[in-house]
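Numbering (UniProt numbering), first residue to last: 1 to 473.
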């Protein structure tokens with residue numbers, strides 16, 4: 001039987017940057033101490049090691065900047081919730097993933113901050129169960145697995161695969177990397193930040209904030225490359241020329257064909273090279289696009305029939321995307337699956353709200369990602385919007401037990417987002433941003449300036465505040 005926990009005002013699901021920032025802002029902006037953050041991993045932090053390419057000064061929370069980064073680029077629960085329509089109260093059932101013990105806790109506002117990179121993609125290659133060695137995903141790296149002197153098979157060549165190969169190549173006997181499609185690679189200058197600069201960041205008022213905003217504006221200038229316009233075409237052509245030149249300068253000629261994409265720049269996230277291309281010159285590193293079709297006890301077999309020895313298999317094949325990763329039941333028994341079926345795909349009003357789910361918000365939700373800048377900007381912007389909307393509910397305003405977006409506004413916004421995305425570079429390329437029908441559930445189609453403005457000055461006509469007669473204090 002589930003243990004009933006004490007009621008709390010806010011439950012936040014997820015203890016990564018999104019969840020921790022939400023808790024911090026609940027305290028800072030509302031003075032609220034009565035909230036709980038739940039995280040299924042042994043430690044807080046989330047999966048941020050997989051997204052380390054944005055400059056560190058812009059890769060910190062604006063309200064808690066870190067002046068002590070050593071380099072410009074830093075070096076990495078099962079839940080069911082349903083709402084009572086009589087009291088506008090969420091009842092959250094949680095299961096301890098280690099002990100199996102279950103708990104139930106009620107709250108006024110439920111916020112999911114689990115992020116999009118949570119559950120690794122499974123390996124579906126036949127024969128995996130027969131493999132005699134360890135198999136692990138880059139997001140679930142086991143440091144106890146020996147790599148030194150081993151034949152390591154790496155499946156995937158995206159951001160995490162490009163980080164992994166140069167890290168293990170010096171100690172592995174062989175690294176066999178199997179790529180599905182080329183990536184756009186760019187040089188990653190990573191200067192050490194001088195102690196005097198770190199001192200200035202700490203002690204000169206406003207300096208770090210000024211540098212942060214300067215970097216923000218520089219990164220925003222690249223947003224034009226996502227438009228399918230003559231200007232966007234010119235920007236992408238320049239970017240492709242830079243990437244191709246870098247590949248030809250840095251990587252072995254034999255691999256150039258595997259390192260120069262034919263799709264448009266911006267279709268997928270760029271890779272700022274952590275030493276990957278240079279590592280391809282090593283005699284023990286082997287790159288191929290010959291797909292693995294069978295896994296044996298100590299080998300993998302490709303489509304051409306080539307056999308590669310394997311002691312360890314590392315999956316660098318990304319994550320399951322397009323889901324909230326928690327079970328939510330809203331008004332009238334609506335689930336996220338039934339709700340999204342009405343709208344045509346995974347979506348949320350202003351990336352955070354669903355009309356069948358009052359007092360429920362998503363941090364870094366559908367169409368909140370960018371292809372060019374720090375996701376922390378999107379996270380903080382959304383948190384500010386959530387707190388602005390939830391403030392009357394959490395302040396126990398007499399006419400506000402619940403807040404929910406109106407369905408007609410959610411529908412119009414969803415259509416506007418998908419319409420805008422049809423004129424962006426992501427419309428005609430294959431990536432994890434889109435589902436099998438072509439619905440783009442991941443990327444925000446406008447600039448970060450627009451996101452900030454819409455969160456800072458929300459259209460309050462889109463929101464319905466209601467009082468529940470049966471509400472209990």
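Beta carbons: idealized from backbone N, C-alpha and C, even for Gly. Since this is a predicted model, take the numbers as computed values, not measurements.
In this structure, the CA atom of residue 317 is about 13 angstroms from the CA atom of residue 118.
For residue 461, the three-state secondary structure derived from DSSP is helix. Residues 226, 266, 269, 443 of the same chain have their beta carbon placed closer than 7 angstroms to that of residue 371, with the five preceding and five following residues left out of the count. Taking the Cα of residue 95 as reference, the smallest distance to any Cα among 38, 288, 171 is reached at 38. Rounded to whole angstroms, the gap between the alpha carbons of residue 312 and residue 3 is 42 angstroms. The C-beta distance from residue 30 to residue 387 rounds to 6 angstroms, short enough to fall under 8 angstroms. For residue 364, no beta strand (DSSP E) run applies, since DSSP gives it neither H nor E. About 6 angstroms separates the beta carbons of residue 32 and residue 9, which is inside the 8 angstroms limit, making them a contact pair. Per DSSP, residue 11 lies in no alpha helix (DSSP H); the unbroken beta strand (DSSP E) holding it starts and ends at 8–13. Bridge pairing for residue 195: absent [DSSP]. Residue 319 is positioned such that its CB atom lies closer than 9 angstroms to that of residue 139. Residue pairing from DSSP places residue 319 in a beta bridge opposite 120.
Spatial neighbours of residue 339 in its own chain (CB-CB distance under 6 angstroms, excluding positions within 5 residues in sequence) are listed in chain order as 354, 356. In chain order, 290 place their CB closer than 7 angstroms to the CB of residue 306, counting only its own chain and leaving out the 5 sequence neighbours on each side. Contact check between the region 119–126 and the region 358–378: fewer than three CB pairs, one atom from each, fall below 8 angstroms, which does not count as touching. Residue pairing by DSSP places residue 353 opposite 349 in a beta bridge.
In this structure, the alpha-carbon of residue 219 lies about 14 angstroms from that of residue 239.
The criterion of a C-beta distance shorter than 9 angstroms is not satisfied by residue 172 and residue 287.
Of the candidates 190, 401, 231, 245, the residue whose Cα lies closest to the Cα of residue 275 is 190. With 16 or more other Cβ atoms from the protein chains shown falling within 10 Å of its own Cβ, residue 448 counts as buried. For the region 364–416, the full-length alpha helix (DSSP H) segments reaching 4 residues or more read 375–394 along the chain. When DSSP states are grouped into helix, strand and coil, residue 286 belongs to the strand group. Classified as buried, residue 434 has 16 or more neighbouring CB atoms from the shown chains inside 10 Å of its CB. With contacts defined as CB atoms closer than 9 angstroms, residue 271 and residue 183 qualify as a contacting pair. Going by DSSP, residue 263 is part of no beta strand (DSSP E) at all; its letter is neither H nor E.
The closest CA to that of residue 152, considering only 175, 160, 132, is found on 175. Out of 453, 228, 246, the CA that lies nearest to the CA of residue 187 is found in 246.
Shown here for residue 21: same chain residues with a beta carbon closer than 7 angstroms to its own, the five before and five after excluded, namely 61, 379, 380, 383 in chain order.
Annotated three-state conformation of residue 171 is coil, per DSSP.
Residue burial is scored here from C-beta neighbours: residue 26 has at least 16 other C-beta atoms within 10 angstroms and is therefore classed as buried.
If you draw a straight line from the Cα of residue 253 to the Cα of residue 133, it is about 33 angstroms long. Per DSSP, residue 106 is one residue of the beta strand (DSSP E) stretching across 102–112. Contact check for residue 420 and residue 466: beta-carbon distance about 31 angstroms, past the 8 angstroms limit, so the pair fails to qualify. About 7 angstroms separates the beta carbon of residue 347 from that of residue 417, a gap short enough to meet the 8 angstroms contact definition. Taking C-beta atoms as the reference points, residue 167 and residue 285 fail to come closer than 9 angstroms. In this structure, residue 314 sits away from residue 215, with a CB-CB distance that is not shorter than 9 angstroms.
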